[in-house]
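Below: one structure, written as structure tokens.
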Amino acid sequence: MDGPKIFKNREALDPSFIPDELPHRDAEIEQIAGLTACALKGDVPPNFLCYGMTGTGKTATIRYVSQKLAQYCDSNPPWWIYINCNVVSTPYRVLAHIYNTISGKEKIPPTGLPKDIIFKKLLGLLDLYIKTNVCFLVLDEIDILIEKKGGNEILYDLTRLNENLDVCRANVIGISNKLKFKEFLDPRVKSSLGQEELVFHPYNANELSDILEKRAKVAFQEGVINEGVIKLCAGLAAKEHGDSRKALQLLRKAGEHSERNQRAFISESDVNKAQQDIEKDHVVEYILGMPLQSQLTLTAIYLMRKFSKENIITSGDIYEIHLELANKLTNTKLLTKRRISDYINELALAGIITANTRSLGHYGRTKIITLDIDISLIEKVLSQVKHISMADLLNYKPLLLQTDKVKIKNNVFKKLL
DNA sequence: TATCCACAGGAAATCAGGGTGT
DNA sequence: ACACCCTGATTTCCTGTGGATA
């Protein structure tokens, strides 16, 4: 409270913040405007797709264009409905979300109704509310929707909305950060959704600097930040596929760090500290957010490392230890090998462990697991897990490790590897 | 060279928990 | 009360497989 004031407007560093101008996205803005502006004349714009890695400004650009478009028409601006498929993650909920957004009330319950009923209701609503106008449905992270069952169907339905509408025109815009997601698209959807495509290229370090500079002016007090700090943030983020979100996050964290230390300006060491923090925060948050069973899987790996530093960890071992741990807890189901296998994959995907499938000849095929994160951090995080018995588990030596069964196996494996 | 281990991982089925309208 | 809906987590069933060993 007493320290010097660093931030002027912290929100400007938020990923959802839409600045007054978007540097280095002129071409994209023009393209999107070109595709959508005909809505103002009452024409039907084409559906289209936007590709690009995280933090390349896809969502921001579309939001930006939608704002500008609204400025250019005095009556009946087009509707823009944003749907983040990561949050609104099932076909049912997509429909419900669209309906509820338009009606402005929670008319559709979160579950219970058949999909086709909602679809019919939605058609009626669109014609009723959005008279002689266009409704843009922006599906962010559309790839997540596709991977689920029924994802293709719902997209098909959405792209066909117009055939069932009398007055209103609906239009689908898909945003994806996976370039290859089109492979999973149903051919019928592909042809109607992929009428136009635009690719957002990653920002380079200089472009990121420009972006940060503009935002920093809004976000920080005078004299808090210098060019070196911005360059450093931009450089670090440029290494990570030019992710502007990462760059902004770095800047914000660095600001918070210097604020905590009651300094009136941000130094480059604040940025470096921020870089470390971000990685750590990510892991901590992820682990604490996992379901208990997944946490148990991680605990199993942790214990294996803790009590036998030398041993090679295989998926079979983890399964057995997981079983043991789950048995010690009440109200915990015993899972199958199949499920544990998936949990291990998820941990690997999150970058917490590495799991390489190896064949050990007569000793079968298995995953060789290594911990990618400092074991002390794992211990610290797991001890924060809100479960009465978790603390006990962290000091429990699994039966499996009390025999020399593992040791014998381990010796054989070591020779093979 | 055939065998066979100990799983990997896809697909479909099942279950439980949260709902609906009639 | 009843028939039926949607979802997410998990199980069941299954086929596939790299390479040391007999």
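The opening residue of the first sequence carries number 19 in this note's numbering; numbering runs sequentially from there.
In this text, a Cβ means the ideal position worked out from N, Cα and C, and glycines have one as well.
When DSSP states are grouped into helix, strand and coil, S407 belongs to the coil group. For K355, the uninterrupted alpha helix (DSSP H) segment begins and ends at 355-367. Counting only runs of at least 4 residues, the region 96-123 fully encloses the following alpha helix (DSSP H) elements, listed from N- to C-terminal order: 109-121. The beta carbons of I172 and P128 sit no closer together than 7 Å.
E46 sits buried, since 16 or more C-beta atoms from the chains shown fall within 10 Å of its C-beta. Cβ neighbours of V62 within its own chain (closer than 6 Å, five residues either side excluded): R187.
With respect to the C-alpha of N180, the residue from K327, L389, L155, L434 having the closest C-alpha is L155. Using a 10 angstroms sphere on the CB of L417, the tally of other CB atoms stays under 16, which defines it as exposed.
Between the alpha carbons of D32 and S377 lies a distance of about 46 Å. In the assembly as shown, D261 is a buried residue. Its beta-carbon has 16 or more other beta-carbons within 10 Å.
The beta carbon of H259 sits closer than 6 Å to those of M71, P220, all from its chain and outside the five residues before and after it, given in chain order. Spatial neighbours of Y100 in its own chain (CB-CB distance under 7 Å, excluding positions within 5 residues in sequence) are listed in chain order as V156, D158. Residue Q311 holds the alpha-carbon nearest to the alpha-carbon of L352 among Q311, N329, I387.
The C-alpha of K125 is placed about 27 Å away from the C-alpha of N65.
Looking from the CA of K423, the closest CA among E338, K271, L203 belongs to E338. In the DSSP annotation of this structure, I393 is not part of any beta strand (DSSP E); the continuous alpha helix (DSSP H) holding it starts and ends at 393-401.
Apart from the 5 residues on each side of it in sequence, A88 sits with its Cβ closer than 6 Å to the Cβ of P95 in its chain, given in chain order. Taking the Cα of I193 as reference, the smallest distance to any Cα among V185, A252, E214 is reached at E214. In the DSSP assignment, A57 falls outside any alpha helix (DSSP H) and carries neither an H nor an E. With the rule of 3 Cβ pairs closer than 8 Å, the region 403-418 counts as touching the region 313-333.
Contiguous beta strand (DSSP E) elements confined to the region 207-233 occur at 214-217, taking only those with 3 or more residues. For E328, the closest C-alpha among the options D390, A366, K432, R383 is that of K432. The three-state secondary structure of K133, taken from DSSP, is helix. If the five residues before and after D145 are omitted, its C-beta is found closer than 7 Å to the C-beta atoms of L183, D184, V185, C186, all from its own chain and listed in chain order. Going by C-alpha positions, E165 is about 22 Å away from L216. With 16 or more other Cβ atoms inside 10 Å of its own Cβ, S333 counts as buried. When the five nearest sequence neighbours on each side are left out, the beta carbons in the same chain lying within less than 7 Å of the beta carbon of K264 are those of G73, A255, E258, in order along the chain. Sorting L316, T348, V403, H380 by C-alpha distance to the C-alpha of A366 places L316 at the top.
Counting along the chain, R187 sits inside no alpha helix (DSSP H); it lies in the beta strand (DSSP E) bounded by residues 187-194. For N374, the beta-bridge partners assigned by DSSP are I386. Between I370 and I391, the CB-CB gap stays under 7 Å.
For the pair Y90 and L40, the CB atoms are not nearer than the 7 Å cut-off.
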